[in-house]
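Asker: Residue numbering for the sequence shown follows the numbering used here, beginning at 9 and increasing consecutively.
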Amino acid sequence: MPRPRQITIIWQLLMESSVKGKHIVLGITGGIAAYKSVTLLRLLVKNGAEVQVVITPSGKEFITPVTLSALSGKPVVSEFFTANTGEWHSHVDLGLWADLMVIAPATASTIGKMANGIADNMLVTTYLSAKEHVMIAPAMDLDMMAHPSTSRNLALLRQDGVEIIEPAAGELASHLIGKGRMEEPENIFRRIEEYFAGERKMAGKKVAITAGPTYEKLDPVRFIGNYSTGKMGLALAEEFADAGADVTLICGPVSLKTDNPKIRRIDVESAEEMLKASEEPFAKADIGIFAAAVADYRPESRADSKIKREGVEDMSLKLVKNPDIAATLAAKKRDGQQFIGFALETDHAHENAAAKLKKKNLDAVVLNSLQDKGAGFGTDTNKITILCADGSEKTYPLKSKREVARDIIDFIGRVNAAR
Ligand code: C5P
9 MPRPRQITII WQLLMESSVK GKHIVLGITG GIAAYKSVTL LRLLVKNGAE VQVVITPSGK
69 EFITPVTLSA LSGKPVVSEF FTANTGEWHS HVDLGLWADL MVIAPATAST IGKMANGIAD
129 NMLVTTYLSA KEHVMIAPAM DLDMMAHPST SRNLALLRQD GVEIIEPAAG ELASHLIGKG
189 RMEEPENIFR RIEEYFAGER KMAGKKVAIT AGPTYEKLDP VRFIGNYSTG KMGLALAEEF
249 ADAGADVTLI CGPVSLKTDN PKIRRIDVES AEEMLKASEE PFAKADIGIF AAAVADYRPE
309 SRADSKIKRE GVEDMSLKLV KNPDIAATLA AKKRDGQQFI GFALETDHAH ENAAAKLKKK
369 NLDAVVLNSL QDKGAGFGTD TNKITILCAD GSEKTYPLKS KREVARDIID FIGRVNAAR
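(1) Should residue 368 be counted as a contact of ligand 1 given a C-beta to heavy atom distance under 8 Å?
(2) Can you determine whether any heavy atom of ligand 1 sits closer than 8 Å to the C-beta of residue 302, and answer yes or no?
(3) Spatial neighbours of residue 146 within its chain, please: C-beta separation below 6 Å, excluding the five flanking residues on both sides.
(4) In the DSSP assignment, what are the bridge partners of residue 257?
(5) Curious, which full-length beta strand (DSSP E) runs of at least 3 residues does the stretch 64-140 contain?
(6) Do the stretch 175-185 and the stretch 135-143 touch if we need at least three Cβ pairs shorter than 8 Å?
(7) On the criterion of 16 or more Cβ atoms from any shown chain inside 10 Å, does residue 315 qualify as buried, or is it exposed?
(8) Output the distance between the C-alpha atoms of residue 50 and residue 80, rounded to the nearest integer angstrom.
(9) Following the continuous alpha helix (DSSP H) through residue 197, name the residue where it begins and the one where it ends.
(10) Taking the alpha helix (DSSP H) that residue 53 belongs to, which residues open and close that run?
(11) How many angstroms separate the CA atom of residue 382 from the CA atom of residue 235?
(12) For residue 67, which residues of its own chain have a beta-carbon under 7 Å away from its beta-carbon, when the five flanking residues on both sides are left out?
(13) Quick one, which of 292, 259 and 138 has its alpha-carbon nearest residue 281's?
(14) Within this structure, are the beta carbons of residue 389 and residue 408 separated by less than 9 Å?
(15) For residue 315, name the three-state secondary structure that DSSP assigns.
(16) In this structure, does DSSP put residue 379 in helix, strand or coil?
(17) Hey, out of 156, 111 and 207, whose CA is closest to residue 417's CA?
(18) What's the C-alpha gap between residue 65 and residue 85?
(19) Between 358, 415 and 294, which has its C-alpha nearest residue 256's C-alpha?
(20) Output yes or no for whether 9 Å exceeds the beta carbon distance between residue 298 and residue 370.
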């Protein structure tokens, strides 16, 4: 029987917030919602986080650095230099120090500067030097929120891996009603806790992911391909790496870059090359994800020099079937391995996805229907339903591809915990 003191210690450990001991840069910009950042700061500090506040010059018009430094226990950083001593504040050091950077509120102006690398204040320079995850909680009037330039900048930030904590709809400082109210500080705090709780949940796991399209060569200058951009597969690779996994990404021709040193990337072109490169990583993987849009057919023969049109009226191409990478590798699945496929469907989506799950020997299929607005190729968002081999399924609302990737990881985590 544990004694009362032991029970207290166990209870304290169970109740300990995941933010404890974490280094957080809290960025504050010039919006009315800045007063809510005080509550966020208090929650973080009370739960054991070390917080460094960085405030923009206009942020100081809304909330005083004195309040913020008293609550955080650290002088607030705003300028590049302290005027009277000439002491330089290093955004590089701050960027390295931070386990997480949260900007709340994030105004349209700061969002625009971040998206375009306009580093004219300490907050944006710190953002550009931040090595770890960045979250922003936008806050602005509804017209500014709905403006195409805000949407464009937010889309750019999403692409750069920044997590957007969506503003809520409600009464705004202008007394207008609409979307633009900063998410409540309690909810932002909860999301930060979730982030740190999830940080290591894939630690030690080996993950293999296929992504992007395949190009099937006709001659040295032409190919058969598809519209896949690899965004979903790359978002999965980034999120698994952030969750501590050891990730191998087998990627068809895409323009997106992967800078994350925790991701081993193998670039391939055709389906046959993708299968060859995937054999070993999938054999060794605990979790395998087939997110590539693999061409089903390839030209039977490939010309060594450019095919000429002179003297040729009609042309027909003979195509032969490509290997089904998911089915081939999932046929060799070992006990304990989890393999997940994607299904991008135009009609009879649910039936087709359920059939794929069985036929390809997968543990789950992530269904995205081309009939859902915002889902599918090239978009920054996706709307998914996960169908599981045990017959269970879960549908999610439209979200950014990074958030969708997080949902997929949470789903796998829950399935594993229930095993
Ligand atoms: O049959 P369909 O192409 O719709 O199945 C989609 C799923 O199968 C995706 O997970 C895709 O990555 C995978 N696939 C594959 N090799 C193929 C075709 C599809 O790995 N040749």
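All residues carry an ideal CB built from backbone N, CA and C; glycine is no exception.
Answerer: The structure says:
(1) yes
(2) yes
(3) 114 and 175
(4) 217 and 273
(5) 108-114
(6) no
(7) exposed
(8) 8 Å
(9) 193-206
(10) 42-54
(11) 15 Å
(12) 36, 37, 38 and 42
(13) 259
(14) yes
(15) coil
(16) coil
(17) 207
(18) 10 Å
(19) 294
(20) yes
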